[in-house]
Structures are given as structure tokens and as C-alpha cells.
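All remarks here apply to the structure that follows.
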Amino acid sequence: MTAAQRRESIVTSLKQASGPVSASKLARELGVSRQIVVGDVALLRAAGTPVLATPRGYMLQTAPGADRMTVVCRHAQEALLDELYTIVDCGCGVLDVLVEHPVYGQLSGQLQIFSRYDADLFWQALQANAAQPLCSLTGDVHLHTLSCPTPAQRDRVLEALRQKGYLYQK
Numbered sequence: 001m002t003a004a005q006r007r008e009s010i011v012t013s014l015k016q017a018s019g020p021v022s023a024s025k026l027a028r029e030l031g032v033s034r035q036i037v038v039g040d041v042a043l044l045r046a047a048g049t050p051v052l053a054t055p056r057g058y059m060l061q062t063a064p065g066a067d068r069m070t071v072v073c074r075h076a077q078e079a080l081l082d083e084l085y086t087i088v089d090c091g092c093g094v095l096d097v098l099v100e101h102p103v104y105g106q107l108s109g110q111l112q113i114f115s116r117y118d119a120d121l122f123w124q125a126l127q128a129n130a131a132q133p134l135c136s137l138t139g140d141v142h143l144h145t146l147s148c149p150t151p152a153q154r155d156r157v158l159e160a161l162r163q164k165g166y167l168y169q170k
């Protein structure tokens with residue numbers, strides 16, 4: 001298998017996957033090292049393939065038909081899981097989290113959370129690693145890019161976040 005065929009196989013695997021795929025799994029499937037896969041993904045990105053790296057592995061960027069919007073949220077860290085549940089229960093996905101740090105500028109993390117299961121995995125990873133969410137750097141103020149398949153879902157998630165007091169308002 002040539003390098004080009006291997007990269008094509010990575011894209012095919014990501015298209016067929018129902019969620020993120022780890023570099024280790026791709027390496028096993030292709031019979032190469034994890035580092036080769038990481039390099040291939042870097043080359044795919046450089047060529048314009050929308051491969052996202054999430055805490056659970058690689059995935060292709062969401063479908064172009066989905067409407068994206070950015071929301072500014074603020075809540076106690078204990079409400080983080082409820083915020084994520086609220087978003088996915090309205091039929092939307094949480095693509096990322098961004099904070100504006102006074103020294104580093106914009107910091108972001110790819111989340112790719114589309115279900116309660118995804119939210120639970122994210123929460124468990126935070127707990128298992130004794131990690132703080134990015135919003136802990138900014139007094140709990142943070143932005144999310146949401147993927148909302150329909151205008152009705154977009155309206156529903158905005159109303160639900162507003163009702164729970166999670167939308168940031170000065």
C-alpha cells in the first residue's frame with residue numbers, strides 16, 4: 001500500500017465511523033505505527049481534508065448542511081454536564097469550547113459532543129485526569145460552537161440555555 005492509498009484508507013475509515021477513531025486503531029488496521037497515522041492526518045489536513053482531532057480520536061468535520069452558531073455561556077463548573085446534556089437533548093452538537101485568555105489569547109478545545117454518551121465520556125475524562133475545563137481560566141465564561149441541523153433545533157437550544165441561565169448576559 002502506498003502512502004497515498006493509506007491516507008485514502010484513513011479518510012474512508014473516518015467517513016464510515018459513527019464516532020471518533022483513535023490513531024492507534026487506524027494504525028492497527030493499516031499495519032503501521034501510530035506516528036505514521038499522525039503524520040498522514042497532518043498531511044490530509046494540509047491538503048484541505050477537514051479532519052478534527054478530539055480527545056477520543058479523529059473524525060471528519062460535521063456535515064456541511066448543519067447550521068453553526070456560537071453561544072457565550074457562563075455557569076458554575078458543577079453545571080457543565082447539565083449544559084452539555086441540555087444542548088444534545090435539543091438535537092444540537094457541541095463542536096468546541098473557546099475561552100479568551102488575557103495572556104494567551106483565544107484557546108480552544110475540540111469537543112465533538114453529539115449525545116449524552118459523548119458528554120459522559122468527556123466528563124469522565126475530566127474527572128479521571130483531575131483536569132479543569134477551559135472555562136476555569138476565565139471565570140467560567142466560555143463560547144461553544146454548536147451544530148444545529150434545523151432552525152427549530154437552534155431556537156430550542158437557545159431557549160433551553162436561556163431558561164437555565166447558562167447564556168452569558170452582562
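The C-terminal position of the sequence shown is numbered 170 in UniProt numbering, with every residue numbered one higher than the one before it.
Heads up, the beta-carbon is just placed ideally off N, CA and C, and yes, glycines get one too.
Beta carbon of residue i nearer than 8 Å to that of residue j
| i | j | result |
| --- | --- | --- |
| residue 89 | residue 148 | no |
| residue 74 | residue 141 | yes |
| residue 41 | residue 51 | yes |
| residue 167 | residue 71 | yes |
| residue 69 | residue 162 | no |
| residue 93 | residue 146 | yes |
Alpha carbon of residue i to alpha carbon of residue j, nearest angstrom
| i | j | result |
| --- | --- | --- |
| residue 61 | residue 55 | 14 Å |
| residue 109 | residue 33 | 26 Å |
| residue 144 | residue 45 | 22 Å |
| residue 22 | residue 119 | 18 Å |
| residue 12 | residue 132 | 34 Å |
| residue 96 | residue 5 | 30 Å |
| residue 87 | residue 107 | 21 Å |
| residue 136 | residue 19 | 27 Å |
Endpoints, the alpha helix (DSSP H) within which residue i is located
| i | result |
| --- | --- |
| residue 16 | 3 to 16 |
| residue 58 | No alpha helix (DSSP H) contains residue 58, which is instead part of the beta strand (DSSP E) from 57 to 60. |
| residue 38 | 34 to 46 |
| residue 121 | 116 to 128 |
| residue 29 | 23 to 30 |
Counterpart residues of residue i in DSSP-defined beta bridges
| i | result |
| --- | --- |
| residue 158 | Paired residues: none, contrary to the question. |
| residue 143 | 72, 98 |
| residue 167 | 73 |
| residue 148 | 67 |
N-terminal and C-terminal residue of the beta strand (DSSP E) that residue i is part of
| i | result |
| --- | --- |
| residue 53 | 51 to 54 |
Exercise. Identify every run of the alpha helix (DSSP H) within the stretch 80 to 110, keeping only runs that are complete inside it and at least 4 residues long; order them along the chain.
Key: Positions of the alpha helix (DSSP H) runs, each at least 4 residues long and wholly inside the stretch 80 to 110, are given as 80 to 89 in order along the chain.
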